[in-house]
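See below:
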């Protein structure tokens, strides 16, 4: 029977880091070839509200483009706007480790009902009795996942011996540990990962800290009825004690992982559910006896090794594993939902390709190439998904429907590249002057967050270390005048990068950096593989403007502000448009806005036109499909922008070019239109002559352009074939478990230090604000007291009292003078 693979959108907090049940599920899914797109509040804060509810409508474009099989909510997270998923054929489900999580997800979600639930618990959660849930249920018994069983920790001396606890703080529990630590025989650490613990016991539960603690602890304490324990977490909501702690981290799955890591499970008190009770290694009803047992456990832990070291791998890694039951459960759920047309899956396992570019910033050309690469790879490689590495992941997710991260997310980038079969760099990024200043090779050793040449080199280096083939795909280069820039290109070559360039000039420039010839192949821009489809936006625009494309010739005008343009550039263009439009009444000039900054220049040119002429404006905002559709329906163009010229050329539409950047010159030469490329200093007459030339586009020139475009498409196809071969050679090794080590730091040290300093600055600012508030309060109290004094000074009582005191005072003064006698002469 052919195996089916799913694309899963997973919404979670990862509250217990790698020990969270959803983390185990994610690893198990990925090990079997499924694709998991993870969204957490830490990575995607914009997608969650203050209450932690996920906004599913933010993924509307993602659902439309990527067509995932299901959206799965975990850890009790709710989601609004679930109809955004359902309307696009995405099944909605949840993953629950306790009944309370399922109740929370159902209660906090809206827009559509749940289609399914998968539970991981040592007992039945009875979800069929849950109000508001009427979906398919699949149940798994808690077990260690196979990937976790083979994942080592990186630092064996990070945590010393001791005990741990996953539950929340209660007075009786805190007192128990205080008395344990006070006993001089204990000599171990106490690490508590739940909520509310005092600083002397509290530990961070996120990332890998629970795993490190479990592999260095003698025991994990589980409190039963001491302090109203968590054994009722799976009871119905109305049966649970409202005063009991949530103990959200103490799931059955977490206990399994902790025990597999080598920590004994030690129950203090009574009242554990049967499944948990039978798995306890130490069970003491009396707190005194429990303390003695824990002291003995830590002493036994120390006795075998004076220089204590943690267990690198789980002590019990023989299975049975979660993977088998989980995947059987997923398949059972999938088969039932497939009868309703949901979760149909794919016949091939995942293939991940990471794509670095200046994406997420509204640059039309890069966005178009990204969308084209994503579409082509999904069409040609079954199960393929790309992860964009750009500047603004939220923009890429919402506008392009593509999952994205940044270069600054170093740990996340490392894991993405570890799963990637290829690491692409797209568009014309390979230059050492331009968008941002780079100090060169020194940036490799810093927290370089940007996609300039040093950032690209760092990305290629990390790809090399993760066995992901670096491919600079359809790349454009130049200038490369800085010595460090050329050295960085040479470094990329030494790391095995493949340069598939968009023109020969780029290829020669890269070869001049001493990159081996066999790594540099001159082909064509991958944008030639793009295509246009009719959009309602363009249809509606033509209708609103009263333009019939069948009887009118539309000339696309794509101009930008440029520092080297003549001072009267707008006047020259306006005069040319006016003259040409007067001579050709069927011609409609339309400014096609590829960047929002282009609109002001277009409006300025339009204002300079005489009454009988006009420059229409076509602006689709952030959407690229309507722009491509519009350009495909135009008859000709007048363009300063490279990708407007490229798209018009790819649709065999002649274009007048303005500007002489090397990439523009190469494009017009490749298209056989070098005679319609003008310099920025071209006068009105030259622009008119060039426009007349493209409007008089005869059959011979049309035939020549069509042949050139056909050749360029063929070259783009060759470039794509080379890329596909590179991916295919690595993909099989990247479709299962992705080996890793567990590190304690979630982010690079330099970024962590920046975060620490930011937090310190924030604390200092709060302290200053609090001091200012106290000063303001003291000033208000002073002013109030002063007002009371002034009010009293003007009161009738004060005046009467003052008058009554005046006579006695004067008598005293007179008597005092009389007592001293007359002065001597």
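In the working numbering, the protein residues as written are 60 to 884. We put the CB at the ideal spot given by N, CA and C, even for glycine.
Let's test the definition: count the other Cβ atoms within 10 Å of the Cβ of residue i and tell me whether it reaches 16, buried, or not, exposed.
i: residue 834; result: exposed
i: residue 858; result: exposed
i: residue 671; result: exposed
i: residue 894; result: Absent from the structure is residue 894, since the part of the chain shown begins at 60 and ends at 884.
i: residue 71; result: buried
i: residue 512; result: buried
i: residue 862; result: exposed
i: residue 39; result: The structure shown does not extend to residue 39, since the chain is modelled only from 60 to 884, so the question has no answer here.
i: residue 445; result: buried
i: residue 774; result: buried
i: residue 207; result: buried
i: residue 118; result: buried
i: residue 462; result: buried
i: residue 399; result: exposed
i: residue 702; result: buried
i: residue 393; result: buried
i: residue 131; result: buried
i: residue 755; result: exposed
i: residue 765; result: exposed
i: residue 722; result: buried
i: residue 664; result: buried
i: residue 66; result: buried
i: residue 848; result: exposed
i: residue 804; result: exposed
Alpha carbons only, please: which of the options is nearest the one belonging to residue i?
i: residue 686; options: 244, 317, 610 and 616; result: 616
i: residue 359; options: 246, 263 and 316; result: 246
i: residue 491; options: 464, 572 and 475; result: 572
i: residue 268; options: 164, 218 and 585; result: 218
i: residue 404; options: 689, 94 and 740; result: 94
i: residue 341; options: 138, 749 and 323; result: 323
i: residue 158; options: 188, 142 and 172; result: 188
i: residue 776; options: 591, 560 and 622; result: 560
i: residue 547; options: 501, 628 and 592; result: 501
i: residue 259; options: 234, 658, 537 and 623; result: 234
i: residue 623; options: 720, 270 and 150; result: 720
i: residue 800; options: 108, 213 and 140; result: 213
i: residue 529; options: 688, 641 and 789; result: 789
i: residue 534; options: 486, 255, 541 and 550; result: 486
i: residue 515; options: 488, 310 and 122; result: 488
i: residue 786; options: 176, 437, 353 and 243; result: 437
i: residue 434; options: 657, 271 and 412; result: 412
i: residue 232; options: 253, 220, 244 and 216; result: 253
i: residue 695; options: 397, 648, 63 and 126; result: 648
i: residue 144; options: 68, 337 and 156; result: 68
i: residue 481; options: 464, 520 and 527; result: 527
Let me check one thing: in DSSP terms, what residues is residue i bridge-paired to?
i: residue 529; result: 482
i: residue 726; result: None, per the DSSP bridge assignment.
i: residue 197; result: 177
i: residue 64; result: 405
i: residue 102; result: According to DSSP, which records beta bridges pairwise, residue 102 is partnered with nothing at all.
i: residue 534; result: 560
i: residue 841; result: Its beta-bridge partners do not exist; DSSP assigns none.
i: residue 131; result: 69 and 152
i: residue 250; result: 223
Assess contact between the segment 71-79 and the segment 257-275, defined as three or more Cβ pairs (one per stretch) separated by less than 8 Å. Is contact present? Using a Cβ-Cβ distance cut-off of 8 Å, the segment 71-79 and the segment 257-275 are in contact, since at least three pairs of beta carbons, one from each stretch, lie closer than that value.
Is it the case that the segment 451-462 contacts the segment 699-719, given that we only count it when at least three CB pairs across the two stretches are under 8 Å? These segments do not touch.
Which runs of the alpha helix (DSSP H), 4 residues or longer, sit entirely within the segment 737-773? Qualifying alpha helix (DSSP H) stretches, in chain order: 743-754.
May I have a chain-ordered list of the alpha helix (DSSP H) segments no shorter than 4 residues that lie completely inside the segment 589-662? Segments of the alpha helix (DSSP H) lying fully in the segment 589-662: 595-604 and 628-642.
Would the segment 231-243 count as touching the segment 826-846 if we require 3 or more Cβ pairs under 8 Å? The answer is no - the segment 826-846 does not touch the segment 231-243, with fewer than three Cβ pairs under 8 Å.
Specify whether the segment 634-651 and the segment 744-751 touch according to this definition: at least 3 beta carbon pairs, one from each stretch, less than 8 Å apart. Touching, per the Cβ criterion.
Using 8 Å as the Cβ pair cut-off and three pairs as the minimum, do the segment 375-390 and the segment 197-212 touch? Result yes; three or more Cβ-Cβ pairs closer than 8 Å.
Would you check if there are 3 or more beta carbon pairs closer than 8 Å linking the segment 143-162 to the segment 470-487? For the pair of segments examined, the segment 143-162 was found not to touch the segment 470-487: the number of CB pairs separated by less than 8 Å stays below three.
Would you say the segment 80-90 touches the segment 425-438, given that touching needs at least three Cβ pairs under 8 Å? With a cut-off of 8 Å on Cβ pairs, the segment 80-90 is not in contact with the segment 425-438, counting fewer than three such pairs.
The segment 433-444 in contact with the segment 407-419 per 3-pair CB rule at 8 Å: Short answer: they touch.
Quick one: any contact between the segment 323-332 and the segment 89-104, if contact means 3 or more CB pairs under 8 Å? At 8 Å Cβ cutoff, the stretches do not touch.
Count the CB pairs spanning the segment 599-613 and the segment 575-587 that are closer than 8 Å, and state whether there are at least three. Look at the beta carbons and you see the segment 599-613 not touching the segment 575-587: under three pairs across the two are nearer than 8 Å.
Would you be able to state if there are at least three C-beta pairs under 8 Å between the segment 724-743 and the segment 680-697? Counting Cβ pairs under 8 Å, fewer than three are found: no touch.
Of all the alpha helix (DSSP H) runs that stay within the bounds of the segment 314-376, which reach a length of 4 or more residues? The alpha helix (DSSP H) runs lying completely inside the segment 314-376 and spanning 4 residues or more are 333-336 and 346-362, given in chain order.
Completely contained alpha helix (DSSP H) runs for the segment 400-478, where each covers 4 or more residues: Positions of the alpha helix (DSSP H) runs, each at least 4 residues long and wholly inside the segment 400-478, are given as 423-439 and 469-478 in order along the chain.
Is the segment 563-578 in contact with the segment 648-661, if contact means three or more CB pairs nearer than 8 Å? With a cut-off of 8 Å, the segment 648-661 and the segment 563-578 do not count as touching, because too few Cβ pairs lie within range.
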